[in-house]
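Taking it in order: structure first as structure tokens, then the write-up.
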Amino acid sequence: MYKKNYTDKIAQVQVTNTSKKINTLTDLFGVFHIQAAKGDTLLFRKPDFTPEYFVISGAYDINVYMQPVYVLNEVTVKELSKKAELNEALDQYRKHGIYSDGKPKALSFLASPLTGMYELFGKDAANARRFKEYSKNELEHLEVSKKYNKAVIKKLTNMPDNEIEDFMSFYSPSYEIVKNWNEYDVITYINKNYKYFKENKANLKLQKLY
Numbered sequence: 001m002y003k004k005n006y007t008d009k010i011a012q013v014q015v016t017n018t019s020k021k022i023n024t025l026t027d028l029f030g031v032f033h034i035q036a037a038k039g040d041t042l043l044f045r046k047p048d049f050t051p052e053y054f055v056i057s058g059a060y061d062i063n064v065y066m067q068p069v070y071v072l073n074e075v076t077v078k079e080l081s082k083k084a085e086l087n088e089a090l091d092q093y094r095k096h097g098i099y100s101d102g103k104p105k106a107l108s109f110l111a112s113p114l115t116g117m118y119e120l121f122g123k124d125a126a127n128a129r130r131f132k133e134y135s136k137n138e139l140e141h142l143e144v145s146k147k148y149n150k151a152v153i154k155k156l157t158n159m160p161d162n163e164i165e166d167f168m169s170f171y172s173p174s175y176e177i178v179k180n181w182n183e184y185d186v187i188t189y190i191n192k193n194y195k196y197f198k199e200n201k202a203n204l205k206l207q208k209l210y
């Protein structure tokens, strides 16, 4: 196991034979051994790396290269910043005695600066409730986009950007579906729907017009 575009070997990569449902880990030198037959699919996973698939075509040693993921760290930083902004806004409601339901602070993010949000929602009790509902919807949207976004779809399918937008409009999962997903679930969902999308995208685009 190697880091893509580097000579660094990667230890502790989880290797799964998805055909036989067996797992192993790479050692300190990036080496692994796993039972596999021609046609079996191996899935390689490690935090901070993009998952990789490899289909066994014969009995020989293989080198696998994994792409480090840098985008998620940036998203996380922005997410934390925006969550802090929302908490600040809700604190202001509480200080004015407008919003207090005895529950922990909501965690979400703002799509516009705090001043804009106050202008949009105002400071009375009715608008505070609207703000709470808005924050709930934004949090759910954030949770979906953390797992299902253009960067992940691009890595798995290599689709052009304009097709990714169409794909996401047809196959956008709800928060209720995504909230319990692990990494494997995301990969399975995208690959399954991409196969259908690739074979039927002309008809799907036509349906969208109507």
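In the working numbering, the protein residues as written are 1 to 210.
For each residue, glycine too, the CB sits at the ideal point set by N, CA and C.
Two segments are said to touch when three or more pairs of C-beta atoms, one from each, lie closer than 8 Å; by this definition the segment 47–57 does not touch the segment 23–35.
Residue pairing by DSSP puts Thr41 in a beta bridge opposite Val55.
Per DSSP, Asn180 is not a residue of any beta strand (DSSP E), being assigned neither H nor E.
When only Cα atoms are considered, Gln35 and Leu142 end up about 39 Å apart.
Minimum Cα-Cα distance from Glu199 among the listed residues Val178, Ala151, Glu163 and Thr26 corresponds to Glu163.
Just measuring C-alpha positions, the residue of Lys21, Ile62 and Met66 sitting nearest Ala11 is Met66. In the three-state DSSP reduction, Val64 falls in the coil class, being neither helix nor strand. Just so you know, the alpha carbons of Val13 and Lys155 end up roughly 18 Å apart.
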